[in-house]
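Working notes, structure below.
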Amino acid sequence: MSAPKERATFLKQDDLPTSWYNIQADLPERLPPPLDPGTHKPMSPEPLFRLFAKELVAQEVSQERWIRIPEEVLEAYRWLPRPTPLFRAYRLESMLKTPAKIYYKWEGVNPTGSHKPNTALAQAYYNMKEGTKRLSTETGAGQWGSALSMSGAYFGLKVRVFMVAASYAQKPGRRTMMEAWGAECLSSPSSRTKFGRSLLAKDQNDPGSLGIAISEALEDVLADDGAKYALGSVLNHVLLHQTVIGLEVKKQLELLDVRPDVMVGNIGGGSNYGGFCLPFMGEKLSKKQPIDFVACESAAVPHTTKGKYTYDFGDTAGMTPLLMMYTLGRDYKTPPIHAGGLRYHAMAPIISYLINKGHMRSVAYNQTEVFEAAVTFARTEGIIPAPESAHEIKFVIDEAIRCREKREPKVIVFNNSGHGLLDLTAYRAYLDGKLEDLPPTKIQYPAIVD
Ligand SMILES: *Cc1c(COP(=O)(O)O)cnc(C)c1O
Numbered sequence: 008m009s010a011p012k013e014r015a016t017f018l019k020q021d022d023l024p025t026s027w028y029n030i031q032a033d034l035p036e037r038l039p040p041p042l043d044p045g046t047h048k049p050m051s052p053e054p055l056f057r058l059f060a061k062e063l064v065a066q067e068v069s070q071e072r073w074i075r076i077p078e079e080v081l082e083a084y085r086w087l088p089r090p091t092p093l094f095r096a097y098r099l100e101s102m103l104k105t106p107a108k109i110y111y112k113w114e115g116v117n118p119t120g121s122h123k124p125n126t127a128l129a130q131a132y133y134n135m136k137e138g139t140k141r142l143s144t145e146t147g148a149g150q151w152g153s154a155l156s157m158s159g160a161y162f163g164l165k166v167r168v169f170m171v172a173a174s175y176a177q178k179p180g181r182r183t184m185m186e187a188w189g190a191e192c193l194s195s196p197s198s199r200t201k202f203g204r205s206l207l208a209k210d211q212n213d214p215g216s217l218g219i220a221i222s223e224a225l226e227d228v229l230a231d232d233g234a235k236y237a238l239g240s241v242l243n244h245v246l247l248h249q250t251v252i253g254l255e256v257k258k259q260l261e262l263l264d265v266r267p268d269v270m271v272g273n274i275g276g277g278s279n280y281g282g283f284c285l286p287f288m289g290e291k292l293s294k295k296q297p298i299d300f301v302a303c304e305s306a307a308v309p310h311t312t313k314g315k316y317t318y319d320f321g322d323t324a325g326m327t328p329l330l331m332m333y334t335l336g337r338d339y340k341t342p343p344i345h346a347g348g349l350r351y352h353a354m355a356p357i358i359s360y361l362i363n364k365g366h367m368r369s370v371a372y373n374q375t376e377v378f379e380a381a382v383t384f385a386r387t388e389g390i391i392p393a394p395e396s397a398h399e400i401k402f403v404i405d406e407a408i409r410c411r412e413k414r415e416p417k418v419i420v421f422n423n424s425g426h427g428l429l430d431l432t433a434y435r436a437y438l439d440g441k442l443e444d445l446p447p448t449k450i451q452y453p454a455i456v457d
């Protein structure tokens with residue numbers, strides 16, 4: 008009798024990683040520093056204390072390899088609950104007749120449905136500890152705003168969310184969720200900030216963008232001494248917190264006695280893929296293990312495949328420090344693709360660096376091929392994936408077919424970042440044959456620093 012097929016690999020709650028992994032300790036060189044937008048000189052971290060909890064600023068620039076997860080955050084992770092399962096996609100493999108083994112980490116099990124609470128809980132914790140009364144943030148599709156709202160409820164902080172106007176109108180359910188968790192949710196551009204009012208004066212129906220909502224949240228924080236800002240992606244400390252994903256995957260693959268050949272994920276700002284793959288990237292950099300790292304993005308927002316690796320602002324108004332990253336320019340008008348989490352003009356400095364140096368590659372897909380992959384996945388694996396996650400599923404299916412043609416039994420592991428149960432309008436459009444591919448809009452590369 009053969010052993011039963013183990014579809015899911017679980018860890019005990021006791022097996023939760025107790026430290027986050029900081030890739031900065033293992034990079035061949037230091038990351039290019041953030042620059043002061045006025046002087047273009049490397050910036051000291053102090054001005055950031057006004058915006059972020061001190062401990063988060065310290066983590067942003069830390070070169071320590073391991074950063075201890077506070078007991079209160081571990082308790083919050085157990086509450087979510089973590090560890091999350093690692094699945095083997097047997098039915099997808101057999102439908103594709105591939106010799107490849109396909110595994111995926113499933114981050115959609117918590118109450119918000121995506122990976123974002125992994126950092127939202129940590130950020131809310133440090134702010135609570137340092138006496139912050141209120142957090143202000145932006146959200147695109149609403150996943151980050153939901154995660155921070157739930158985390159604010161957990162640690163007793165007020166939360167205000169500036170939600171991109173187009174999503175606020177398209178996804179009213181997300182606002183309802185945030186309010187149910189006790190947060191305030193405003194359509195951005197809003198009349199609450201000077202920047203918002205200046206945009207509304209030009210166009211009452213401005214659809215907004217992530218860059219605009221970030222500018223509004225920053226202005227809101229600077230006007231209130233009790234408030235601090237929280238960012239859901241891009242920054243080093245956000246990727247750091249997300250490494251809990253990859254560290255769990257490492258233990259799970261060790262239990263299975265399996266080594267990954269290909270590791271795949273989607274990149275909006277780079278946090279879920281970073282958190283998933285960086286603990287393995289450390290091994291690739293020290294030449295212990297060759298892994299093909301593949302980051303998937305939207306062809307409508309081709310930040311790393313068509314963007315430029317240069318210094319740019321993280322927001323539209325130009326209030327943030329300058330970061331060295333792949334960017335399409337801060338005025339890039341992101342087409343209204345359904346994968347809201349992938350609609351950002353730039354990319355995490357860590358992911359940008361790794362792609363630029365050739366340690367990782369990236370690919371871009373159009374949304375109809377992405378949704379075709381998503382329904383194939385739903386019909387074999389059961390899970391209806393978030394439109395963002397469907398981007399890596401498109402790559403995984405193509406790669407598994409290549410494995411079939413070349414008879415290569417590769418081990419493919421991907422990070423399934425969330426479920427799509429709040430994105431059913433997008434699925435409706437696809438199933439009705441009404442979904443259209445959207446071309447990129449005009450790219451204006453920034454020329455801020457030569
Ligand atoms: C926000 C989000 C993303 C993209 O953001 P990253 O910072 O790149 O991870 C991807 N998937 C889901 C489900 C999201 O909510």
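Numbering (this note's numbering), first residue to last: 8 to 457.
From the three backbone atoms N, C-alpha and C, an ideal C-beta is built for every residue, glycine too.
Extent of the continuous alpha helix (DSSP H) to which residue i belongs
{"i": "tyrosine 84", "result": "78-86"}
{"i": "phenylalanine 283", "result": "278-292"}
{"i": "phenylalanine 302", "result": "Inspection of the sequence shows that residue 302 is occupied by alanine rather than by phenylalanine. Segment 299-305 is the beta strand (DSSP E) holding alanine 302; no alpha helix (DSSP H) there."}
{"i": "valine 403", "result": "394-413"}
{"i": "glutamate 186", "result": "179-187"}
{"i": "serine 69", "result": "Careful: serine 69 lies outside any alpha helix (DSSP H) and carries neither H nor E."}
{"i": "serine 194", "result": "Not the alpha helix (DSSP H): serine 194 falls in the beta strand (DSSP E), residues 191-195."}
{"i": "asparagine 212", "result": "Looking at the DSSP string, asparagine 212 is not in any alpha helix (DSSP H), and its letter there is neither H nor E."}
Nearest to residue i (by Cα), restricted to the options the options
{"i": "methionine 331", "options": "Arg337, Thr144 and Tyr318", "result": "Tyr318"}
{"i": "aspartate 405", "options": "Glu395, Pro392, Ala380 and Arg414", "result": "Ala380"}
{"i": "valine 80", "options": "Tyr161, Ala224 and Met170", "result": "Tyr161"}
{"i": "aspartate 213", "options": "Val245, Pro41 and Met170", "result": "Met170"}
{"i": "proline 343", "options": "Val418, Gly289, Gln374 and Gln66", "result": "Gln374"}
{"i": "tryptophan 73", "options": "Tyr97, Pro41 and Trp27", "result": "Trp27"}
{"i": "arginine 199", "options": "Pro44, Arg37, Arg167 and Ala15", "result": "Arg167"}
{"i": "lysine 165", "options": "Tyr132, Ala353, Pro179 and Gln177", "result": "Tyr132"}
{"i": "alanine 302", "options": "Val265, Ile358 and Pro328", "result": "Ile358"}
{"i": "tyrosine 316", "options": "Ala355, Ala433, Leu292 and Pro286", "result": "Ala355"}
{"i": "alanine 173", "options": "Gly203, Gly347 and Ala454", "result": "Gly347"}
{"i": "methionine 50", "options": "Leu42, Arg57 and Phe56", "result": "Leu42"}
{"i": "leucine 155", "options": "Trp188, Cys284, Gly180 and Gly138", "result": "Trp188"}
Ligand 1 heavy atom lying under 7 Å from the CB of residue i
{"i": "isoleucine 274", "result": "yes"}
{"i": "glutamate 388", "result": "no"}
{"i": "lysine 178", "result": "no"}
{"i": "tyrosine 280", "result": "yes"}
{"i": "leucine 349", "result": "yes"}
{"i": "tryptophan 188", "result": "no"}
{"i": "glutamate 395", "result": "yes"}
{"i": "glutamine 130", "result": "no"}
{"i": "glutamine 150", "result": "yes"}
{"i": "glycine 253", "result": "no"}
{"i": "serine 369", "result": "no"}
{"i": "serine 121", "result": "yes"}
{"i": "glycine 233", "result": "no"}
{"i": "glycine 277", "result": "yes"}
{"i": "serine 424", "result": "yes"}
{"i": "serine 240", "result": "yes"}
Assigned secondary structure, residue i (DSSP; H/G/I helix, E/B strand, else coil)
{"i": "alanine 371", "result": "strand"}
{"i": "methionine 270", "result": "strand"}
{"i": "valine 166", "result": "strand"}
{"i": "methionine 326", "result": "coil"}
{"i": "proline 449", "result": "In the sequence under discussion, the amino acid at residue 449 is lysine, which differs from the proline named in the question. Looking at lysine 449 - three-state DSSP - the assignment turns out to be coil, as it is neither helix nor strand."}
{"i": "leucine 361", "result": "helix"}
{"i": "histidine 345", "result": "coil"}
{"i": "leucine 225", "result": "helix"}
{"i": "phenylalanine 59", "result": "coil"}
{"i": "lysine 258", "result": "helix"}
{"i": "arginine 429", "result": "It is worth fixing the name first, because residue 429 is leucine in this sequence and not arginine. Three-state DSSP puts leucine 429 in coil, outside helix and strand."}
{"i": "asparagine 117", "result": "coil"}
{"i": "valine 420", "result": "strand"}
{"i": "threonine 126", "result": "helix"}
{"i": "tyrosine 339", "result": "coil"}
{"i": "threonine 387", "result": "helix"}
{"i": "alanine 355", "result": "coil"}
Range covered by the beta strand (DSSP E) that runs through residue i
{"i": "alanine 234", "result": "234-236"}
{"i": "glutamate 145", "result": "141-146"}
{"i": "tyrosine 318", "result": "315-319"}
{"i": "lysine 112", "result": "108-113"}
{"i": "tyrosine 28", "result": "26-28"}
{"i": "leucine 93", "result": "93-95"}
Residue i at chain B interface by Cβ criterion, 8 Å
{"i": "threonine 250", "result": "Checking the listed chains, one finds no chain B in this structure; it contains a single protein chain."}
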